[in-house]
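S.K.: Just passing along the structure, written as structure tokens.
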Ligand code: ADP
């Protein structure tokens, strides 16, 4: 239920009237009058008794004395009159779902962005479920500063209340996780006939953390790609200058330098190919492939194409395939690229394990799985979640020396996302690594 505080001013005026009446009399007179009123029956009986005694001829001084004693005793024993205390007006908690605000609060409850409604004195009247989820529960009726500590937001709210004009600022929070919000305060215009003590203000929080993260990723990507291209380009330039200058007449040095230059240009074209692959994949990421691909011959073909590389590094690739076919919906060329990358990495980085095992699991009723296992040095746990980021490498030197671009697993992840498949990485330092593709 939506609750808030209202009607405070009506209570105050009632209590002020009451206080005005009491102030005309002193406390002592008020007390005596109240006691006489309270003991009036006893006093009447005493008076009648005195009159009868006088009529019967009793001594008038004795009767007067007796009457005085009776009056004094009656008043003395009367219970003290409880003085009326001025009561502080207790703000009445009203159900704002019945007020004007209730008309919009039901809609606010359904919104998936955090919103809060404030009164004209910046007290929190309402917060929706999204706000409760993002910032926790809040004391309804308390000033907003008890809820939000940011001086920027509080100043903005003050300005909106003072000017009745909308404002917005960017606000970032570090805990519990880094988040960036566009916080906006605006007056709620119900129908232009609101009483001044029923002004409402809406505070909304638009989460732009994801947009910022993607922006950062894009600029990091451009910076990384330029850096990766600049390194071989700088080396090419250096060799060209050497060949034109000091090594102009040194045929042996020229031949050696030309060999390095060829390596560098090959590296650059690998990088450009990978970058183009990634951008092509991004373009069609929302279209799921629908070709039937049998993984049994496909894995055999990939293994065969990698035999020269495996021989170079002294590794044997062993295939463990089931009987019959293992069909999945996919794009053949892209799946070749996935398994080439995984088997090539297993050979390069798991070289010292000497064998790479590839298991294809095709059990009816279960997802088709391909697992590439090496017995290499493994990957420390902190790196595993980041392996599919573009240009992320456990060791840049190691990757460069093995002709890596840092884009292989990013491409694998993109292809698998398009295939609605998952990549599961398990690694134990000193024992090896397994990459499983689950369709
Ligand atoms: P690269 O072109 O550098 O090989 P990848 O995206 O294919 O880029 O791989 C990213 C990083 O993940 C590699 O640089 C390497 O540090 C690590 N890596 C990938 N596969 C393995 C593996 N089988 N064993 C150990 N490390 C691996």
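In the working numbering, the protein residues as written are -5 to 433.
Glycine residues also receive a C-beta, built at the ideal position from the N, C-alpha and C atoms.
Owing to the predicted nature of the structure, the values given are computational and were not obtained by experimental measurement.
Go ahead and label residue 210 buried or exposed: buried means 16 or more other beta carbons lie within 10 angstroms of its beta carbon, across all protein chains shown.
M.R.: As a first step, residue 210 must be located in the chain shown, where it is residue number 216. Exposed.
S.K.: What are the partner residues of residue 120, as DSSP defines its beta bridges?
M.R.: If you number the chain shown from 1, residue 120 lands on position 126. Note: residue 120 sits in a beta bridge opposite 111.
S.K.: Candidates 295, 318, 328: which alpha carbon is nearest residue 312's?
M.R.: Taking the chain shown and counting its residues from 1, the one referred to as residue 312 is at position 318. Nearest option by C-alpha distance: 295.
S.K.: Could you tell me which of 247, 433, 193 sits nearest to residue 287, measuring between CA atoms?
M.R.: The count along the chain shown starts at 1 and reaches residue 287 at position 293. Comparing Cα-Cα distances from residue 287 to each of 247, 433, 193, the minimum goes to 433.
S.K.: Kindly examine the ligand MN and report whether one of its heavy atoms sits closer than 7 Å to the Cβ of residue 218.
M.R.: This structure lacks the ligand MN; its bound ligands are the ligand ADP.
S.K.: Could you work out which residue in 201, 278, 263 is closest to residue 172 when comparing CA atoms only?
M.R.: Within the chain shown, residue 172 is the residue found at index 178, counting from 1. For the residues 201, 278, 263, the minimum Cα distance to residue 172 belongs to 201.
S.K.: Any chance the CB of residue 96 is under 7 Å from a heavy atom of the ligand ADP?
M.R.: Translated into the one-based positions of the chain shown, residue 96 becomes position 102. It does not: the Cβ of residue 96 is nowhere closer than 7 Å to a heavy atom of the ligand ADP.
S.K.: DSSP on residue 41, reduced to helix/strand/coil?
M.R.: One-based indexing of the chain shown puts residue 41 at position 47. DSSP places residue 41 in helix when its eight states are reduced to three.
S.K.: First and last residue of the alpha helix (DSSP H) that includes residue 335?
M.R.: Locating residue 335 in the chain shown gives position 341, counting from the first residue. Residues 326 to 343.
S.K.: Quick check on the DSSP output: the alpha helix (DSSP H) that includes residue 219 runs from which residue to which?
M.R.: In the chain shown, counting from the first residue as 1, residue 219 sits at position 225. Note, residue 219: alpha helix (DSSP H), 203 to 238.
S.K.: Please classify residue 342 as buried or exposed, where buried requires at least 16 neighbouring CB atoms within 10 angstroms.
M.R.: One-based indexing of the chain shown puts residue 342 at position 348. So residue 342 ends up on the buried side.
S.K.: To test your reading of the DSSP string, which unbroken beta strand (DSSP E) runs of 3 or more residues are found completely within the segment 341 to 429?
M.R.: As far as the segment 341 to 429 is concerned, its whole beta strand (DSSP E) runs of at least 3 residues are 349 to 355, 363 to 368, 416 to 422.
S.K.: Kindly identify the DSSP beta-bridge partner or partners of residue 321.
M.R.: To locate residue 321, count along the chain shown from 1; it is residue 327. In DSSP, residue 321 forms a bridge with 288.
S.K.: Following the continuous beta strand (DSSP E) through residue 247, name the residue where it begins and the one where it ends.
M.R.: In the chain shown, counting from the first residue as 1, residue 247 sits at position 253. From DSSP, residue 247 is part of no beta strand (DSSP E) but of the alpha helix (DSSP H) over 245 to 277.
S.K.: Helix, strand or coil for residue 98? Go by DSSP, reduced to three states.
M.R.: As a working note, residue 98 is residue 104 in the chain shown. DSSP places residue 98 in helix when its eight states are reduced to three.
S.K.: Closer than 6 Å by C-beta to residue 381: which residues in its own chain qualify, once you throw out the five before and the five after it? Chain order, please.
M.R.: As a working mapping, residue 381 is identified with position 387 in the chain shown. If we look at residue 381 and ignore the five residues flanking it on each side, its Cβ neighbours are 403.
S.K.: Report yes or no: do the segment 113 to 126 and the segment 158 to 174 share at least 3 C-beta pairs separated by less than 8 Å?
M.R.: No contact exists between the segment 113 to 126 and the segment 158 to 174.
S.K.: Sorry if obvious, but does the Cβ on residue 392 come closer than 7 Å to a heavy atom of the ligand ADP?
M.R.: Along the chain shown, read from residue 1 onward, the residue named residue 392 stands at position 398. For the ligand ADP, at least one heavy atom lies less than 7 Å from the Cβ of residue 392.
S.K.: Can you tell me which residues form a DSSP beta bridge with residue 192?
M.R.: Taking the first residue of the chain shown as position 1, residue 192 is located at position 198. According to DSSP, residue 192 bridges with nothing at all.
S.K.: Throw me the rounded Cβ distance for the residue 346 and residue 370 pair, which I believe falls under 8 Å.
M.R.: Indexing the chain shown from 1 puts residue 346 at position 352. Indexing the chain shown from 1 puts residue 370 at position 376. Confirmed, about 6 Å.
S.K.: Are there three or more Cβ pairs, one per stretch, closer than 8 Å when the segment 317 to 335 is compared with the segment 289 to 307?
M.R.: Enough Cβ pairs lie closer than 8 Å, so yes.
S.K.: Touch check for the segment 138 to 157 and the segment 231 to 238: three-plus C-beta pairs under 8 Å?
M.R.: No: fewer than three Cβ pairs fall under 8 Å.
S.K.: Nearest CA to the CA of residue 126: which residue from 40, 405, 293, 107?
M.R.: The sequence position of residue 126 within the chain shown is 132, counting from 1. Per the Cα distances, 107.
S.K.: Does the ligand ADP have a heavy atom nearer than 7 Å to the CB of residue 373?
M.R.: Here residue 373 refers to the residue found at position 379 of the chain shown. Checking the Cβ of residue 373 against the ligand ADP gives yes.
S.K.: Residue 229 to residue 266, Cα distance in whole Å?
M.R.: The count along the chain shown starts at 1 and reaches residue 229 at position 235. The count along the chain shown starts at 1 and reaches residue 266 at position 272. Those two C-alpha atoms are separated by around 17 Å.
S.K.: Assess contact between the segment 34 to 45 and the segment 53 to 67, defined as three or more Cβ pairs (one per stretch) separated by less than 8 Å. Is contact present?
M.R.: In short, these stretches touch, since the Cβ pair count reaches three.
S.K.: I need the DSSP call for residue 84, collapsed to helix, strand or coil.
M.R.: By 1-based counting over the chain shown, the position of residue 84 is 90. Below a pLDDT of 50, predicted positions are generally treated as unreliable, and residue 84, at 34, falls in that range; no measurement from the model is reported.
S.K.: Can you say whether residue 344 is buried or exposed, counting buried as having 16 or more other CB atoms within 10 angstroms of its CB?
M.R.: As a position in the chain shown, residue 344 is number 350, starting the count at 1. The residue is buried, with at least 16 neighbouring Cβ atoms inside 10 Å.
S.K.: Measuring only the C-alpha atoms, how far is residue 166 from residue 175?
M.R.: Mapped onto the chain shown, residue 166 falls at position 172. Mapped onto the chain shown, residue 175 falls at position 181. Distance between the alpha carbons of residue 166 and residue 175: 6 Å.
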